[in-house]
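S.K.: Residue 116 is where the sequence shown starts when you use the numbering used here, and the numbers rise one by one after that. One structure is given below, represented as structure tokens, and several questions about it will come after.
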Amino acid sequence: MGYIYIMTNPALHDMVKIGYATDVEVRRQQLSTTALPYEYEVYATYETPGNLEDKKLHKMIDNLNPDLRVSKNREFFVMSPEEAYELLEAIAIISGSQDKLKKVSESVREQTTQTIRRPPIDFYKCGLKDGDELVCIEDNTIKAIVKGEHKVLYKDELTSLTAIMRGIKGYKNIPGPSFFSYKGEKLTDLAERTQWKQ
Numbered sequence: 116m117g118y119i120y121i122m123t124n125p126a127l128h129d130m131v132k133i134g135y136a137t138d139v140e141v142r143r144q145q146l147s148t149t150a151l152p153y154e155y156e157v158y159a160t161y162e163t164p165g166n167l168e169d170k171k172l173h174k175m176i177d178n179l180n181p182d183l184r185v186s187k188n189r190e191f192f193v194m195s196p197e198e199a200y201e202l203l204e205a206i207a208i209i210s211g212s213q214d215k216l217k218k219v220s221e222s223v224r225e226q227t228t229q230t231i232r233r234p235p236i237d238f239y240k241c242g243l244k245d246g247d248e249l250v251c252i253e254d255n256t257i258k259a260i261v262k263g264e265h266k267v268l269y270k271d272e273l274t275s276l277t278a279i280m281r282g283i284k285g286y287k288n289i290p291g292p293s294f295f296s297y298k299g300e301k302l303t304d305l306a307e308r309t310q311w312k313q
């Protein structure tokens with residue numbers, strides 16, 4: 116037994132994460148790592164008897180509109196949490212299991228998630244300097260050179276890590292620094308150790 120969950124994140128506008136977990140709160144904490152400046156919030160849960168039931172829901176969404184999935188094999192969908200909830204609600208009504216569907220109230224979400232507001236990564240405050248090379252974690256042929264507090268040089272153009280990843284992935288709301296590393300250390304981990312250290 117487990118739960119299909121709908122989660123939101125203030126950093127991911129017009130997007131929800133629909134996944135499966137046996138313990139939703141543990142999963143929420145796992146997802147709320149340093150990759151994003153805010154913690155995830157649980158919007159709704161739907162108790163299911165089987166494992167990985169979310170895959171069936173993903174397939175249904177893909178069949179309805181394949182453009183809603185942000186990236187193949189990822190659990191992010193371009194829809195509001197209300198729209199995602201309506202899908203789960205329809206399934207619950209059809210199957211007669213409305214008692215298994217729970218929408219987390221706003222007040223409970225605020226209590227369970229302490230939003231971490233971190234400033235954008237400042238390369239200098241992280242101990243980097245102009246000329247340092249940043250490497251894409253997913254494709255080590257993609258490299259950018261630090262050129263300022265927030266800017267990098269990529270393909271002879273002054274840009275940002277977010278703009279680079281936006282061009283590669285094809286969607287707007289993407290935390291670019293979480294896709295890059297410096298000397299094998301993920302940039303967000305480096306920022307956590309340096310700039311963001313309390």
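A virtual CB, placed ideally from N, CA and C, is assigned to each residue, including glycine. Bear in mind that the values here come from a model prediction, so they are computed numbers and not experimental data.
(1) Would DSSP call I260 helix, strand or coil?
(2) With three or more C-beta pairs closer than 8 Å as the rule, is the segment 185-200 touching the segment 251-260?
(3) Report yes if the CB atom of P152 is closer than 8 Å to the CB atom of A126, and no otherwise.
(4) Please classify V131: does DSSP put it in a helix, a strand, or coil?
(5) From the DSSP output, in three-state form, read off K218 for me.
(6) Alpha carbons only, please: which of K270, E307, R281 and T160 is nearest the one belonging to P234?
(7) Would you kindly work out how many angstroms separate the C-alpha atoms of K298 and C251, rounded to a whole number?
(8) So, for A388: in the same chain, excluding its five sequence neighbours on each side, which residues have a beta-carbon less than 6 Å away from its beta-carbon?
(9) What whole-angstrom Cβ distance do D271 and V261 have, given they're in contact under 8 Å?
(10) Check whether the segment 183-195 and the segment 136-145 are in contact - that is, three or more C-beta pairs closer than 8 Å.
(11) With distances taken Cα to Cα, identify the nearest neighbour of K170 among M280, Q310 and I119.
(12) Smallest Cα separation from L121: which of T277, T160 and P181?
(13) Need the endpoints of the beta strand (DSSP E) that G299 sits in, please.
M.R.: According to the structure data:
(1) Within the sequence shown, the letter at position 145 stands for residue 260. DSSP, read as helix, strand or coil, puts I260 in strand.
(2) In this structure the segment 251-260 does not touch the segment 185-200; the number of beta carbon pairs closer than 8 Å is below three.
(3) The sequence position of residue 152 within the sequence shown is 37, counting from 1. The sequence position of residue 126 within the sequence shown is 11, counting from 1. The Cβ atoms of P152 and A126 sit closer than 8 Å to each other.
(4) For the purposes of this step, residue 131 is taken as residue 16 along the sequence shown, with counting starting at 1. Secondary structure of V131 (DSSP, three-state): strand.
(5) Taking the first residue of the sequence shown as position 1, residue 218 is located at position 103. Three-state DSSP puts K218 in a strand.
(6) On the sequence shown, residue 234 is found 119 positions in, with the first residue counted as 1. Nearest of K270, E307, R281 and T160 to P234, Cα basis: E307.
(7) Position 183 of the sequence shown holds residue 298. Position 136 of the sequence shown holds residue 251. In a straight line, the C-alpha of K298 is about 11 Å away from that of C251.
(8) Residue numbering for the chain in the displayed model covers 116 to 313; residue 388 lies beyond these limits and cannot be assessed.
(9) Along the sequence shown, one-based indexing puts residue 271 at 156. Along the sequence shown, one-based indexing puts residue 261 at 146. Contact between D271 and V261 does not hold, since their C-beta atoms are separated by about 15 Å, which reaches or exceeds 8 Å.
(10) Not touching, per the Cβ criterion.
(11) The residue given as residue 170 occupies position 55 in the sequence shown. Comparing Cα-Cα distances from K170 to each of M280, Q310 and I119, the minimum goes to I119.
(12) As a working note, residue 121 is residue 6 in the sequence shown. The sequence shown places Ile at residue 121, rather than the Leu named in the question. Checked all of T277, T160 and P181; the closest Cα to I121 is T160.
(13) Residue numbering aside, residue 299 sits at position 184 when the sequence shown is read from its first letter. Secondary structure note for G299: it is in no beta strand (DSSP E), with a DSSP letter that is neither H nor E.
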